[in-house]
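Structure first, then comments.
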Amino acid sequence: MEIPVFTLDAFTNLPFKGNPAAICPLMHELSDDLYQKIAVEMNLSETAFITRINPSDDFTTGSRFRLRWFTPTTEVNLCGHATLASAAVLFQHKKNVNPVLVFETKSGDLAVTKQGDRYVMDFPLNPPTQEVQYLAAVGNHPVQDVHLSSNTKKLMVRLADSCDRSVLTSLKVDPVSLQSSERSGRVKGLILTMKGSPDCQPGYDFYSRYFAPWNGIPEDPVTGSAHTVLGSYWSKKLGKKKMLAYQCSSRGGELELEVRDDGRINITGQTVTVLQGTITL
Numbered sequence: 007m008e009i010p011v012f013t014l015d016a017f018t019n020l021p022f023k024g025n026p027a028a029i030c031p032l033m034h035e036l037s038d039d040l041y042q043k044i045a046v047e048m049n050l051s052e053t054a055f056i057t058r059i060n061p062s063d064d065f066t067t068g069s070r071f072r073l074r075w076f077t078p079t080t081e082v083n084l085c086g087h088a089t090l091a092s093a094a095v096l097f098q099h100k101k102n103v104n105p106v107l108v109f110e111t112k113s114g115d116l117a118v119t120k121q122g123d124r125y126v127m128d129f130p131l132n133p134p135t136q137e138v139q140y141l142a143a144v145g146n147h148p149v150q151d152v153h154l155s156s157n158t159k160k161l162m163v164r165l166a167d168s169c170d171r172s173v174l175t176s177l178k179v180d181p182v183s184l185q186s187s188e189r190s191g192r193v194k195g196l197i198l199t200m201k202g203s204p205d206c207q208p209g210y211d212f213y214s215r216y217f218a219p220w221n222g223i224p225e226d227p228v229t230g231s232a233h234t235v236l237g238s239y240w241s242k243k244l245g246k247k248k249m250l251a252y253q254c255s256s257r258g259g260e261l262e263l264e265v266r267d268d269g270r271i272n273i274t275g276q277t278v279t280v281l282q283g284t285i286t287l
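And the structure:
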């Protein structure tokens, strides 16, 4: 058996920046065990599998596909960067002729629209609620706000406005200690965030980092799903519907956000293909 595989860096237009995802467009479904083994072999934060819904569909003319995401340790319900990369594979490499693609996922239908060299993802908004306790991952740095998204199990910790970006960028988070500090099952990801500097160029409205050792991801370089939480929070705090965000991992990545009135959020980004090959089984 030969399985095509692409690796794309998402939320960037530069190789080796953004968040890499492995994408496998499949003519037929595989077993969950094989999906997981391939994800382990690819050893990226997520490997995505695109399959046809109807046997008569093809990757060039079809507009609806099934999409699943696996980390090296588990299947996840929502992943932004691998959705962006999956759409790019279909549009760029499979020459899909449709202006909009819809993926059937565990988080419902996710539409992706091609706009020039960018892709706009239509994702659910996940508003977080106030939380009293937070994980001791920020050391002695002052914390301004703590929220939890129960839908995504992401805990968001906002650093005080007195901190500058270097505090967030240089913060050392031990994934082993982080995971051991929270075993209740309420939290599967930690978002650290802080207010941005919109007056600078480029003017980012907020910054973030994301850690998910519970899902086998010590730190995720750029996380679309985390911005379904961040977008909701910062839109209310800043009084803005459209925002520009930057995730401050070592690779870094930029996301354009638009919070909509229908409980959805548009997340826009670019991709670059860095690898194309075949998995032989």
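Okay, so the sequence shown: first residue is 7 according to this note's numbering, each after it adds one. For every residue, glycine included, the Cβ atom is placed at its ideal position computed from N, Cα and C. Being a predicted model, the structure only gives us computed values, none of them experimental.
Collapsed DSSP secondary structure at residue i in the structure displayed
{"i": "residue 223", "result": "strand"}
{"i": "residue 179", "result": "coil"}
{"i": "residue 234", "result": "helix"}
{"i": "residue 250", "result": "strand"}
{"i": "residue 56", "result": "strand"}
{"i": "residue 229", "result": "coil"}
{"i": "residue 171", "result": "helix"}
{"i": "residue 136", "result": "strand"}
{"i": "residue 214", "result": "strand"}
{"i": "residue 243", "result": "helix"}
{"i": "residue 97", "result": "helix"}
Cβ-heavy atom distance, residue i to the ligand ADP, below 6 Å
{"i": "residue 222", "result": "With respect to the ligand ADP, the structure shown offers nothing to examine, as it has no ligands at all."}
Straight-line Cα distance separating residue j from residue i
{"i": "residue 215", "j": "residue 31", "result": "29 Å"}
{"i": "residue 240", "j": "residue 36", "result": "40 Å"}
{"i": "residue 265", "j": "residue 132", "result": "11 Å"}
{"i": "residue 282", "j": "residue 127", "result": "23 Å"}
{"i": "residue 163", "j": "residue 270", "result": "22 Å"}
{"i": "residue 51", "j": "residue 76", "result": "8 Å"}
{"i": "residue 191", "j": "residue 156", "result": "10 Å"}
{"i": "residue 187", "j": "residue 280", "result": "37 Å"}
{"i": "residue 137", "j": "residue 152", "result": "5 Å"}
{"i": "residue 22", "j": "residue 85", "result": "19 Å"}
{"i": "residue 268", "j": "residue 248", "result": "15 Å"}
{"i": "residue 102", "j": "residue 169", "result": "46 Å"}
{"i": "residue 139", "j": "residue 193", "result": "12 Å"}
{"i": "residue 117", "j": "residue 92", "result": "12 Å"}
{"i": "residue 81", "j": "residue 46", "result": "11 Å"}
{"i": "residue 65", "j": "residue 276", "result": "20 Å"}
{"i": "residue 161", "j": "residue 154", "result": "4 Å"}
{"i": "residue 225", "j": "residue 57", "result": "28 Å"}
The alpha helix (DSSP H) enclosing residue i, as first and last residue numbers
{"i": "residue 161", "result": "Counting along the chain, residue 161 falls outside any alpha helix (DSSP H), though it belongs to the beta strand (DSSP E) covering 160-165."}
{"i": "residue 20", "result": "Unbroken run through residue 20: none, as it is neither H nor E."}
{"i": "residue 41", "result": "38-48"}
Residue i: first and last residue of the uninterrupted beta strand (DSSP E) it sits in
{"i": "residue 151", "result": "149-155"}
{"i": "residue 27", "result": "25-32"}
{"i": "residue 89", "result": "Not the beta strand (DSSP E): residue 89 falls in the alpha helix (DSSP H), residues 86-94."}
{"i": "residue 77", "result": "Where residue 77 is concerned, there is no enclosing beta strand (DSSP E), given that its DSSP letter is neither H nor E."}
{"i": "residue 280", "result": "277-286"}
{"i": "residue 114", "result": "114-121"}
{"i": "residue 124", "result": "124-130"}
{"i": "residue 195", "result": "195-201"}
{"i": "residue 259", "result": "259-265"}
{"i": "residue 65", "result": "That residue, residue 65, is in no beta strand (DSSP E); it is neither H nor E in DSSP."}
{"i": "residue 16", "result": "8-16"}
{"i": "residue 4", "result": "Residue 4 is absent from the model: the chain starts at 7 and stops at 287."}
Nearest to residue i (by Cα), restricted to the options the options
{"i": "residue 134", "options": "46, 56, 59, 238", "result": "238"}
{"i": "residue 33", "options": "47, 228, 25, 62", "result": "62"}
{"i": "residue 115", "options": "89, 66, 139, 286", "result": "89"}
{"i": "residue 24", "options": "252, 268, 267", "result": "252"}
{"i": "residue 255", "options": "197, 28, 79", "result": "197"}
{"i": "residue 5", "options": "130, 78, 54, 46", "result": "Nothing can be reported for residue 5: it is not among the residues displayed for the chain, which extend from 7 to 287."}
{"i": "residue 53", "options": "65, 64, 38", "result": "38"}
{"i": "residue 7", "options": "161, 26, 40, 102", "result": "40"}
{"i": "residue 212", "options": "225, 117, 171, 227", "result": "171"}
{"i": "residue 112", "options": "121, 165, 78, 55", "result": "55"}
{"i": "residue 208", "options": "167, 231, 250", "result": "250"}
{"i": "residue 83", "options": "189, 13, 195", "result": "195"}
{"i": "residue 146", "options": "166, 122, 158", "result": "166"}
Three or more beta-carbon pairs under 8 Å between the segment 14-25 and the segment 247-261, yes or no?
Segments in contact, yes.
Does the segment 96-103 come within contact of the segment 227-236, defined as at least 3 CB pairs closer than 8 Å?
They do not touch, by the three-pair rule.
For the 8 Å Cβ check, are there 3 or more pairs between the segment 218-228 and the segment 172-181?
The segment 218-228, when compared against the segment 172-181, does touch it at the 8 Å Cβ threshold.
Stretch pair the segment 105-116 + the segment 71-86: three plus CB contacts closer than 8 Å:
Contact holds between the segment 105-116 and the segment 71-86, because three or more Cβ pairs, one in each stretch, are under 8 Å apart.
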